[in-house]
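Chemist:
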Amino acid sequence: MWLAALAGGAALPSVTSAKARPDITLRFSHVVAEETPKGLAASRFKVLVEQRSGGRIGVQVFPNAQLYGDHDEMQALQLGAVDLVAPSLSKFGRIGLPEFELFDLPFLFDDLSAVRRITLGPLGQKLLQGLPRQGLVGLGFFDNGFKQMSANRPLLEPRDFVNLRMRVQASRVIAAQMRALGARPVTLAFSETRQALATGVVDGTENPVSNFWTQHMHEVQSDLSLTEHGYLGYAVVTNQRFWQHLKTSDRALINQALQESLAFANQIADTQNDQALQALRQAGTTRIHTLTNGQRQRLRQAVQPVQQQLASRIGPSWMQDLKLALGHG
Ligand code: SIN
Numbered sequence: 021m022w023l024a025a026l027a028g029g030a031a032l033p034s035v036t037s038a039k040a041r042p043d044i045t046l047r048f049s050h051v052v053a054e055e056t057p058k059g060l061a062a063s064r065f066k067v068l069v070e071q072r073s074g075g076r077i078g079v080q081v082f083p084n085a086q087l088y089g090d091h092d093e094m095q096a097l098q099l100g101a102v103d104l105v106a107p108s109l110s111k112f113g114r115i116g117l118p119e120f121e122l123f124d125l126p127f128l129f130d131d132l133s134a135v136r137r138i139t140l141g142p143l144g145q146k147l148l149q150g151l152p153r154q155g156l157v158g159l160g161f162f163d164n165g166f167k168q169m170s171a172n173r174p175l176l177e178p179r180d181f182v183n184l185r186m187r188v189q190a191s192r193v194i195a196a197q198m199r200a201l202g203a204r205p206v207t208l209a210f211s212e213t214r215q216a217l218a219t220g221v222v223d224g225t226e227n228p229v230s231n232f233w234t235q236h237m238h239e240v241q242s243d244l245s246l247t248e249h250g251y252l253g254y255a256v257v258t259n260q261r262f263w264q265h266l267k268t269s270d271r272a273l274i275n276q277a278l279q280e281s282l283a284f285a286n287q288i289a290d291t292q293n294d295q296a297l298q299a300l301r302q303a304g305t306t307r308i309h310t311l312t313n314g315q316r317q318r319l320r321q322a323v324q325p326v327q328q329q330l331a332s333r334i335g336p337s338w339m340q341d342l343k344l345a346l347g348h349g
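Quick note on numbering: the sequence shown equals residues 21 to 349 in my numbering.
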């Protein structure tokens with residue numbers, strides 16, 4: 021009930037003449053829980069599309085990697101088995117778009133307004149324009165938030181990471197970040213992460229608190245260090261053939277509902293992460309560590325070489341545009 025209210029269902033007029041069976045049903049697959057910024061954006065999108073189309077266009081949301089996980093969701097989209105996915109920006113490198121990994125550069129963004137300079141600016145548009153190369157269309161970006169580090173010990177100084185096996189997403193930039201800290205990166209699907217932490221396959225991981233909490237990682241990690249060392253965001257993508265075959269008016273309706281849902285996600289993402297942190301404090305399972313300025317500075321210094329090392333993967337011209345957009349000279 022609270023989920024429907026948060027997703028916006030309660031705030032919108034009910035559909036009085038909804039069709040019993042939709043003419044079109046969009047399948048939206050994602051890998052996280054419903055009570056996360058992405059889960060709530062997907063639920064809101066469903067409500068908006070179904071209400072505005074009078075039930076003519078339906079949306080089925082499949083959360084928690086129920087249908088497809090990190091390994092196969094993009095392929096499922098390319099094959100038309102689903103119509104919308106919203107992978108993290110870290111997961112586009114392996115489908116031949118390594119420039120998306122610029123978002124993974126550690127300590128790149130001071131705050132979310134710096135992120136917006138990319139996602140809402142020409143660089144964001146240029147990134148989305150690369151998707152048709154893969155038979156996809158990029159419809160927009162949205163936030164989860166800043167990532168924190170977890171393990172069964174505090175991670176406050178570079179030496180705390182040495183030899184830890186840290187689960188990472190399939191991003192070479194994130195892998196390089198972990199190596200720069202002395203850890204060993206292990207690439208795993210999101211849906212496999214909690215189990216891998218529980219069984220000791222990996223020692224720790226990084227994620228915004230909303231993902232940490234809703235995957236119950238707090239039950240298997242004794243320490244969460246509030247490092248805020250990197251950003252986690254998403255791009256919503258659809259299949260190019262599917263998108264082009266929609267009627268112009270349906271495409272406009274779906275796109276409008278989506279843009280509103282992404283703006284909504286950006287509004288609530290911070291609160292979702294704050295609420296998850298509060299819930300985590302109350303659960304009392306996990307020690308929460310706030311870093312001193314000096315500790316954060318030493319982590320930042322340790323990962324600084326990653327920008328240089330990974331510039332050739334991201335691409336020199338993307339790096340140049342990035343610096344310009346962020347005013348980094
Ligand atoms: C997500 O938020 O979609 C998953 C992030 C991850 O794989 O760590």
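Positions of the beta carbon are idealized from the N, C-alpha and C atoms, including for glycine.
Is the beta carbon of Ala289 closer than 7 Å to that of Gly165?
Modeler: Along the sequence shown, read from residue 1 onward, the residue named residue 165 stands at position 145. Along the sequence shown, read from residue 1 onward, the residue named residue 289 stands at position 269. In contact: Gly165 and Ala289 (Cβ atoms closer than 7 Å).
Chemist: May I ask you to check if the CB of Val222 is nearer than 6 Å to at least one heavy atom of the ligand SIN?
Modeler: Locating residue 222 in the sequence shown gives position 202, counting from the first residue. No.
Chemist: Taking only runs of the beta strand (DSSP E) that begin and end inside the stretch 74–125, which ones reach a length of at least 3 residues, in chain order?
Modeler: The stretch 74–125 contains these whole beta strand (DSSP E) runs: 77–82.
Chemist: Once you ignore the five residues that flank Asp270 on each side, which residues in its own chain have a CB closer than 6 Å to its CB?
Modeler: Your numbering for residue 270 matches position 250 in the sequence shown. So no residue of the chain qualifies.
Chemist: Given this structure, state the Cα-to-Cα distance separating Val222 from Ala322, to the nearest angstrom.
Modeler: The count along the sequence shown starts at 1 and reaches residue 222 at position 202. The count along the sequence shown starts at 1 and reaches residue 322 at position 302. Whole-angstrom Cα-Cα distance: 22 Å.
Chemist: Taking Thr207 as part of the alpha helix (DSSP H), name the residues at either end of that continuous run.
Modeler: As a first step, residue 207 is located in the sequence shown; it is residue number 187 there, counting from the start. From DSSP, Thr207 is part of no alpha helix (DSSP H) but of the beta strand (DSSP E) over Arg204 to Thr207.
Chemist: Among Lys167, Val81 and Val51, which one has its Cα closest to the Cα of Leu244?
Modeler: To locate residue 244, count along the sequence shown from 1; it is residue 224. Comparing Cα positions, the closest option is Lys167.
Chemist: Below 7 Å CB to CB, which residues in the same chain sit around Ala303 once its five sequence neighbours on both sides are set aside?
Modeler: For the purposes of this step, residue 303 is taken as the residue at position 283 of the sequence shown. Cβ neighbours of Ala303 beyond the five flanking positions: His238.
Chemist: Beta strand (DSSP E) containing Asp163: first to last residue?
Modeler: As a first step, residue 163 must be located in the sequence shown, where it is residue number 143. Per DSSP, Asp163 belongs to the beta strand (DSSP E) from Leu156 to Phe166.
Chemist: Relative to the alpha-carbon of Arg173, which residue among Val69, Ala85, Leu246 and Ile194 has its alpha-carbon at the smallest distance?
Modeler: Here residue 173 corresponds to residue number 153 of the sequence shown, with the count starting at 1. Residue Leu246 is the option with its Cα nearest to Arg173.
Chemist: Assuming Asn286 is part of the alpha helix (DSSP H), what are its boundary residues?
Modeler: Here residue 286 refers to the residue found at position 266 when the sequence shown is read from its first residue. Secondary structure note for Asn286: its alpha helix (DSSP H) is the uninterrupted segment Thr268 to Ala303.
Chemist: Within 10 angstroms of its Cβ, does Gly349 collect 16 or more other Cβ (buried), or is it exposed?
Modeler: Your numbering for residue 349 matches position 329 in the sequence shown. Classification of Gly349: exposed, given that the 10 Å Cβ count is below 16.
Chemist: Ala196: buried (16+ other C-beta within 10 angstroms of its C-beta) or exposed?
Modeler: Taking the first residue of the sequence shown as 1, we reach residue 196 at position 176. Label assigned to Ala196: buried.
Chemist: Note down the Cα distance separating Val81 from Glu70, rounded to an integer number of angstroms.
Modeler: Position 61 of the sequence shown holds residue 81. Position 50 of the sequence shown holds residue 70. Taking the straight line from one Cα to the other gives about 12 Å.
Chemist: Which of the three DSSP states, helix, strand or coil, is assigned to His265?
Modeler: Counting from one through the sequence shown, the residue named residue 265 turns up at place 245. In the three-state scheme derived from DSSP, where H, G and I count as helix and E and B as strand, His265 is classed as helix.
Chemist: Using three-state DSSP, classify Val135 as helix, strand or coil.
Modeler: In the sequence shown, residue 135 corresponds to position 115, counting from 1. Val135: helix per DSSP, three-state reduction.
Chemist: In the DSSP assignment, find the alpha helix (DSSP H) that holds Thr45 and state where it starts and stops.
Modeler: The residue labelled residue 45 in the question sits at position 25 within the sequence shown. From DSSP, Thr45 is part of no alpha helix (DSSP H) but of the beta strand (DSSP E) over Ile44 to Ser49.
Chemist: Given that a residue counts as buried once 16 or more other Cβ atoms are within 10 Å of its Cβ, and exposed if not, what is Leu342?
Modeler: Mapped onto the sequence shown, residue 342 falls at position 322. Answer is buried; the Cβ neighbour count reaches 16.
Chemist: Secondary structure at Glu1, three-state DSSP: helix, strand or coil?
Modeler: Beyond the ends of the chain as shown, which are 21 and 349, falls residue 1; an answer cannot be given.
Chemist: Which same chain residues, not among the five before or five after Gln292, have their C-beta less than 6 Å away from its C-beta?
Modeler: Here residue 292 refers to the residue found at position 272 of the sequence shown. If we look at Gln292 and ignore the five residues flanking it on each side, its Cβ neighbours are Pro57 and Ser230.
Chemist: Taking the alpha-carbon of Arg4 as reference, which of Phe161, Thr306, Gln329 and Ala216 has the nearest alpha-carbon?
Modeler: The question about residue 4 has no answer here: the residues shown for the chain are numbered 21 through 349.
Chemist: Going by DSSP in three states, His238 sits in which element: helix, strand or coil?
Modeler: As a first step, residue 238 must be located in the sequence shown, where it is residue number 218. Helix, per DSSP.
Chemist: Using the C-alpha atoms, what's the distance from Glu54 back to Trp22?
Modeler: One-based indexing of the sequence shown puts residue 22 at position 2. One-based indexing of the sequence shown puts residue 54 at position 34. Note that Trp22 has pLDDT 37, beneath the 50 cutoff, so the model's placement of it is unreliable and no number is given.
Chemist: Is the stretch 152–166 close to the stretch 108–123, with three or more CB pairs under 8 Å?
Modeler: Touching, yes.
Chemist: Which one or two residues does DSSP pair with Val188 in a beta bridge?
Modeler: Here residue 188 corresponds to residue number 168 of the sequence shown, with the count starting at 1. Answer is Thr207, bridged to Val188.
Chemist: If you draw a straight line from the C-alpha of Ser337 to the C-alpha of Asp130, how long is it?
Modeler: Looking up residue 337 in the sequence shown gives position 317. Looking up residue 130 in the sequence shown gives position 110. Taking the straight line from one Cα to the other gives about 22 Å.
Chemist: Helix, strand or coil for Ala171 per DSSP?
Modeler: Position 151 of the sequence shown, counted from the start, is the residue given in the question as residue 171. Strand.
Chemist: Evaluate contact between the stretch 248–264 and the stretch 102–112, counting only Cβ atoms and requiring at least three cross-stretch pairs below 8 Å.
Modeler: Enough Cβ pairs lie closer than 8 Å, so yes.
Chemist: Compute the Euclidean distance between the alpha carbons of Pro215 and Ser63, then round it to the nearest angstrom.
Modeler: Counted from its first residue, the sequence shown places residue 215 at position 195. Counted from its first residue, the sequence shown places residue 63 at position 43. The identity of residue 215 in the sequence shown is Gln, whereas the question assumes Pro. Computed Cα separation, rounded: 27 Å.
Chemist: For Leu128, which residues of its own chain have a beta-carbon under 6 Å away from its beta-carbon, when the five flanking residues on both sides are left out?
Modeler: As a first step, residue 128 must be located in the sequence shown, where it is residue number 108. Cβ-Cβ distances below 6 Å link Leu128 to nothing in the same chain once the five nearest sequence neighbours on each side are left out.
Chemist: Just the Cα atoms here: how many angstroms apart are Gln335 and Arg76?
Modeler: One-based indexing of the sequence shown puts residue 335 at position 315. One-based indexing of the sequence shown puts residue 76 at position 56. Inspection of the sequence shows that residue 335 is occupied by Gly rather than by Gln. Their backbone Cα atoms lie some 44 Å apart in a straight line.
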